[in-house]
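K.L.:
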Amino acid sequence: MSAVLPQSKLQDVGIRVLLTAPGMLVFAIFLLLPLGYVAVEAAEGQGRGLLLLVSSRSFWTGFLNSTVLGLSAATLSLALGLGVALRLARMGHAARTIWLFVIALPLTFSGLIVAYGFILAFGRAGFVTLSLEVIAGVDPAAFSQAVYSPYGLAFVYAYYLVPRVVMTLTPVILNFDHSQLAAAESLGASRRRTLVDILLPQLYGPMMSAFALVAAVAIGAYGTALALVGSQVNILPLQLFTMVSDAGADFAVTASLGLVLTALCSIVIGIGEWIGFNRAHRSRTDE
Amino acid sequence: MVWMPSAVGYWRHTPVNFDKLPALAKHPTGEWFTIHQLEIVFIVNKKLVRTTPRSFEDLLKPEYRGNIVYLDPRSTGVGQVMTWAANFAQGGSYENLAPGLSFIERLHKSGNVLRVMGTTPYAQFVKGEIPIWVNFVNDGLRAKFLDGMGDDVDVVSPNEGTVAAPYTISLVKNGPNPNAAKLWLNFILSDEGQRLFAEGFVTPSVPGVNIPETVRARLVTHAKSTLLDLEKSAAQLTALQQGWARAAL
């Protein structure tokens, strides 16, 4: 074996570095650099900020609430998104393209706009609320309480998390070889069994990735929550908002919370990707 | 942080009408002074509320269940001023926050609080999402006179008296055009400048300033209005915020 890489291989490496450089640069400038600044701020006074943070009760209730909100919004979105993706995969190309376009639309709205949209529809003076009052005698005050609650928040989050799930799962289902299902059915398996034993195991990895992605988005998002439920609902992004706005003062604590939130979201995504990767890897070596 | 300019400071300036400002509204030698102020009031949507509350004590009544929205003292100044107003209404002082915090606790326990907001929910109020909003006076008058709510909205100053937040201004040191800045500061404290503030529904800071009757008639009259002492309230900021969180959350 020669100590010098062959010319073509060198070129190969060169091209790869060149191609990844812009991405790496963006990653460094917009994630690593700011994160570094925040870390420096958090480290001020030998981790006093982090200590203060983890010794406060409201941090832990916020942590719990954020986790519950993230998991429930992600579960709801995954269930809805999976159904939609399965249906889309069975459509013709043209119909599917149109539907995908419509479904992707909520992804372009900011969280604030989504919140106001829901207020206009389901708020106390909302169109749906007032219609329900006329049609079914529903009390608008009680009905609108629901959309302004943490449950309402999970519901609104699903609105822009479902498209993310659909976008992740649809290509996977499209590439799924449906003759496997036909083969199982011809051997006498029921429709349900073929789905549970053949389709779902192959979708498991991508489903976990999608679940983790949308859970992380729900855990980290704040615009919708701020506009909708206000700051009384104790979730970590709103705690962070409260700390950095007008009246905030302790930067070490604030920076520590920022790091914790980043870490939490990264871990959730990491777990999902890891499960997804392992599954994909194992099923490939199984063959 | 690292990139903040290091030479921040103020040049002293005593503008027109400076002498007329009350002592709490200015730095003795003009490092800062108040250009207008905002009082805490109840902004009530009469389409959603049968009887308009007249006092902080009224807000505790069972008929206002699920009706009251106000802003978070941890993230907004208006939330802090409201807490002070409630505190004074309940017999508290700058040194004694207990009566105000006890009021907040009873208010939340009563179930009358609909939401505590992190940002001003003005659009929500105008859309009819909020029955009673405890907030600065100007948003109520704007909803009433500019955004078409008219007689559907009541803007009421609490019977026990209210607290006004001073909005202050300074001549920043080393600015490029200090003389232009002084002209501007003189103008906004002149009768004409103060009238413009009043037309925009914020309360003039110069007592007894000459304002046309038509403009004055639109403003709210207060049973009693106390200008917030910035130094004394700042010294209690952490106590107020932490106390509020314990009482309300």
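Chains A and B supply the protein sequences, listed in that same order. 1 is the number of the first residue of the first sequence in this note's numbering; add one for each residue after it. 1 is the number of the first residue of the second sequence in this note's numbering; add one for each residue after it. We treat Cβ as the ideally placed atom computed from N, Cα and C, and that holds for glycine. Quick caveat: nothing in here was measured; it's all calculated off a predicted structure.
1. Ignore the nearest five residues each way along the sequence and tell me which others in B/P131's own chain have a CB closer than 6 Å to its CB.
2. Just confirm the distance between the C-beta atoms of A/V253 and A/G49, as a whole number of angstroms; I'd bet it's less than 8 Å.
3. Could you give the distance in angstroms between the alpha-carbon of B/L237 and the alpha-carbon of A/L161?
4. Determine the burial state of B/W84: buried for a count of at least 16 other Cβ atoms within 10 Å of its Cβ, exposed for fewer.
5. From the DSSP output, in three-state form, read off A/M91 for me.
6. What are the residues of the region 127-153 of chain B that lie near chain C, defined by any Cβ-Cβ distance shorter than 7 Å?
7. Mind the definition here: the region 26-38 of chain B touches the region 115-128 of chain B only if three or more C-beta pairs lie below 8 Å; say whether that holds.
8. What distance in whole Å lies between the Cβ atoms of B/S225 and B/T162, which are believed to be in contact at a cut-off of 8 Å?
9. Any beta carbon of chain A sitting closer than 8 Å to that of B/L196?
10. Residues of chain A with a CB under 8 Å from the CB of B/Q124: which are they?
11. Would you say A/F241 reaches chain B, if we count a Cβ-Cβ gap shorter than 8 Å as a contact?
12. Alpha carbon to alpha carbon, how far is A/A218 from A/Y157? Give it in angstroms, no decimals.
13. Helix, strand or coil: how does DSSP classify B/P131 here?
14. Could you tell me which of B/F125, B/E213 and B/Y64 sits nearest to B/G148, measuring between CA atoms?
15. Which residues of the region 101-117 of chain B have a Cβ closer than 7 Å to any Cβ of chain A? Give them in chain order.
16. Go ahead and pull the three-state DSSP assignment for A/P140.
17. Can you tell me which residues form a DSSP beta bridge with B/F33?
18. So for B/M160, helix, strand or coil by DSSP?
19. Using a Cβ-Cβ cut-off of 8 Å, state whether B/P5 counts as contacting chain A.
20. Determine the contact status of B/V137 and B/K144, defining contact as a CB-CB distance below 8 Å.
21. Using a threshold of 8 Å, state whether the C-beta atoms of A/L238 and A/A225 are closer than that.
22. Which whole runs of the beta strand (DSSP E) in the region 169-245 of chain B are 3 residues long or more, in chain order?
23. Evaluate B/N210 with the Cβ neighbour count: other Cβ atoms within 10 Å of its Cβ, from every protein chain shown; 16 or more gives buried, anything less gives exposed.
24. What is the C-beta distance between A/M208 and A/G272, in whole angstroms, given that I count them as a contact (C-beta under 8 Å)?
25. Grab the span of the alpha helix (DSSP H) containing A/Y159 for me, first residue to last.
26. Return the first residue and the last residue of the alpha helix (DSSP H) that B/L71 is part of.
27. Out of A/G230, A/W274 and A/S266, state which residue places its alpha-carbon closest to the alpha-carbon of A/L31.
28. Using a Cβ-Cβ cutoff of 8 Å, what residues of the region 132-153 of chain A are near chain B? List them in chain order.
29. Kindly list, in the order they appear in chain A, the residues whose Cβ is closer than 9 Å to that of B/L227.
30. Any idea what DSSP makes of B/M149, helix, strand or coil?
31. 8 Å is my cut-off, CB to CB: does B/D72 come that close to chain A?
32. On a Cα-Cα basis, can you pick out the residue from A/G258, A/W274, A/Y151 and A/I269 that is closest to A/V40?
33. Please state if the CB of B/P178 and the CB of B/L171 are separated by a distance shorter than 8 Å.
34. Does A/S245 have its Cβ less than 8 Å from a Cβ in chain B?
35. Do the region 83-98 of chain A and the region 111-126 of chain A meet, that is, are 3 or more Cβ pairs less than 8 Å apart?
P.N.:
In short:
1. N45, L48, V49 and N67.
2. 4 Å
3. Roughly 39 Å between the two C-alpha positions.
4. By the neighbour-count rule (16 or more Cβ atoms within 10 Å), B/W84 is buried.
5. coil
6. Of the chains in the structure shown, none is chain C; the protein chains are A and B.
7. no
8. 5 Å
9. B/L196 does not count as touching chain A.
10. I119 and G123
11. yes
12. Taken atom to atom, the span from the alpha-carbon of A/Y157 to that of A/A218 is near 7 Å.
13. The three-state reading of DSSP puts B/P131 in coil, since its state is none of H, G, I, E or B.
14. The shortest C-alpha separation from B/G148 is found at B/F125.
15. R115, V116 and M117
16. helix
17. Beta-bridge partners of B/F33 (DSSP): B/K26 and B/I169.
18. With the sequence shown as reference, residue 160 of chain B is identified as Glu, and Met is not the correct amino acid for it. Looking at B/E160 - three-state DSSP - the assignment turns out to be coil, as it is neither helix nor strand.
19. Annotation note: pLDDT 40 at B/P5 (below 50); position unreliable, coordinate value reported separately. By this cut-off, B/P5 is not an interface position.
20. no
21. Yes, these two residues count as a Cβ contact at 8 Å.
22. 225-227
23. Exposed, by the Cβ-count rule.
24. 5 Å
25. Secondary structure note for A/Y159: its alpha helix (DSSP H) is the uninterrupted segment P150 to N175.
26. Segment I68 to L71 is the beta strand (DSSP E) holding B/L71; no alpha helix (DSSP H) there.
27. A/S266
28. A141, S144, Q145 and Y148
29. The premise fails here: B/L227 is roughly 20 Å from chain A at the closest Cβ pair, so nothing lies under 9 Å.
30. coil
31. yes
32. A/G258
33. yes
34. Closer than 8 Å: yes.
35. no
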